[in-house]
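A.B. asks:
Protein chains: 2
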Amino acid sequence: MPKIVDHEHRRGEIVETTWRIIARRGLDAATLRDVAAEAGFANGAIKPYFPTKASLIRATFAHVFERTSRRIDAVTEEATGFEALHAFCLEVLPLDEERLDEARVVISFWQSALNNPDQAELNDAVMLEWRRKIRAWLREARAAGAAPARLPVDAVAETLLTFLLGAQIAAVFDADFNTPDHLETQLEVHLGLLRAD
Amino acid sequence: MPKIVDHEHRRGEIVETTWRIIARRGLDAATLRDVAAEAGFANGAIKPYFPTKASLIRATFAHVFERTSRRIDAVTEEATGFEALHAFCLEVLPLDEERLDEARVVISFWQSALNNPDQAELNDAVMLEWRRKIRAWLREARAAGAAPARLPVDAVAETLLTFLLGAQIAAVFDADFNTPDHLETQLEVHLGLLRAD
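Those sequence lines, one after another, are chains A and B.
Here the UniProt record's numbering is used: the first residue of the first sequence is 1, the next is one more, and so on.
Here the UniProt record's numbering is used: the first residue of the second sequence is 1, the next is one more, and so on.
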């Protein structure tokens, strides 16, 4: 009888192992050989799933983005406007160890994507999704009277997105000034833009 | 007669070549061998200056930060308060091709610094210098009545710093939404926090 292997499950295990290695030891440590060893697979067992390191890296980043997306969906599902926007931001900010690990992975991803159009495209797709959500929530917030009309929605959306990207860097490298409390305060300052005085 | 070599000058040439390679072809392309070839040096001629790739990378990032610092000093020398802060932000934002190249180098640096405490320390030192400048200008701006007193100076300073870091990512990867015009508008939105209504 042929051995039954759940390929989707194996793929998931490989990606899960890879992102942990990148978060803790860096992108250079995530070789196909090391990932196989750490996942408890035979050397060469990764290739059928991910023929190249680039394909493994791309899948790993897609996995991290999906984790974040699922968390965002969970906390914003029942909310609208300013409340949804606030919940979204709190999910994206690296406020705990797990999300700091995700930030380390995303910083590695950005460097990797600099010279890899396929990875850069993945980043663009996620940013576009976030941008659309932020804009929709901002419009709802404005309709509810939360946002001063003098600020254009799109510019506010981009400013917020830029801030959230920067927080990934700030929390990882400059942790003393960017503890969870600090980051939440920064977010309050930022969202202060959206509250009517 | 022994050949006279200006070591400082050679060091500068190596670092200048390295940052251009990183900006255009990525961190992995900046091997000691490739840097030597592109700088027109004999293979092995880099080692006396930079014995390891890590030492070359650190010096290259220090060089990029120094370039930015010199520009900042030049535009803020005669200014104070809000005006100095505004000029500082415009220098840090990647508003032209040269600074987009610097942003690509700094994104590479962040990834490299994730697992290199010496590089992370360099980043911290620069951030501390920027943080001190931003806080001082904010206090001057507030004393001149530009900033609403309800926002704590330190939180506003960190929010601005986080935004400026994020702009390096946004402008490189999401250029359509982060043209120079867009980034200047985002900055205006951000600095709107500091203007008295």
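Each residue gets a CB set at the ideal place from its N, CA and C atoms; glycine is no exception.
Round the Cβ separation of B:E91 and B:V75 to the nearest angstrom and send it over; I've been treating them as touching at under 8 Å.
C.D. replies: 6 Å
A.B. asks: With 7 Å set as the bound, which would you pick, yes or no: does the beta-carbon of A:T60 sit closer than that to a beta-carbon of chain B?
C.D. replies: no
A.B. asks: Could you spell out where the alpha helix (DSSP H) holding B:L56 opens and where it closes?
C.D. replies: 53 to 76
A.B. asks: Would you give the residue range spanned by the alpha helix (DSSP H) that B:I169 belongs to?
C.D. replies: 153 to 173
A.B. asks: Tell me whether B:P94 is buried or exposed, calling it buried when 16 or more other Cβ atoms sit within 10 Å of its Cβ.
C.D. replies: buried
A.B. asks: In whole angstroms, give me the CA-to-CA distance for A:W130 and B:W19.
C.D. replies: 32 Å
A.B. asks: Touching or not, the region 159 to 171 of chain A and the region 157 to 167 of chain B, by the rule of three or more beta carbon pairs under 8 Å?
C.D. replies: Three or more Cβ pairs drawn from the region 159 to 171 of chain A and the region 157 to 167 of chain B lie within less than 8 Å of each other, which places the two stretches in contact.
A.B. asks: DSSP three-state call for B:F41: helix, strand or coil?
C.D. replies: coil
A.B. asks: Can you have a look at A:R33 and say buried or exposed, based on whether 16 or more other CB atoms are within 10 angstroms of its CB?
C.D. replies: exposed
A.B. asks: Taking DSSP as the reference, what is the three-state secondary structure of A:F50?
C.D. replies: coil
A.B. asks: Counting only Cβ pairs nearer than 8 Å, list the residues of chain A close to B:L164.
C.D. replies: G166
A.B. asks: So that I know if they touch, is there some Cβ in chain B lying closer than 7 Å to that of A:A170?
C.D. replies: Closer than 7 Å: yes.
A.B. asks: Using 8 Å as the Cβ pair cut-off and three pairs as the minimum, do the region 140 to 156 of chain B and the region 62 to 74 of chain B touch?
C.D. replies: no
A.B. asks: Is B:D6 helix, strand or coil when you go by DSSP?
C.D. replies: coil
A.B. asks: Taking Cβ positions, are A:A183 and B:G26 nearer each other than 7 Å?
C.D. replies: In the sequence under discussion, the amino acid at residue 183 of chain A is Leu, which differs from the Ala named in the question. No, they are not a contact pair.
A.B. asks: A:D197 by DSSP, collapsed to three states: which one?
C.D. replies: Residue placement at A:D197 is flagged as unreliable, the pLDDT there being 46, under the threshold of 50; a coordinate-derived value is accordingly withheld.
A.B. asks: Give the DSSP-derived three-state secondary structure of A:G81 in the structure shown.
C.D. replies: helix
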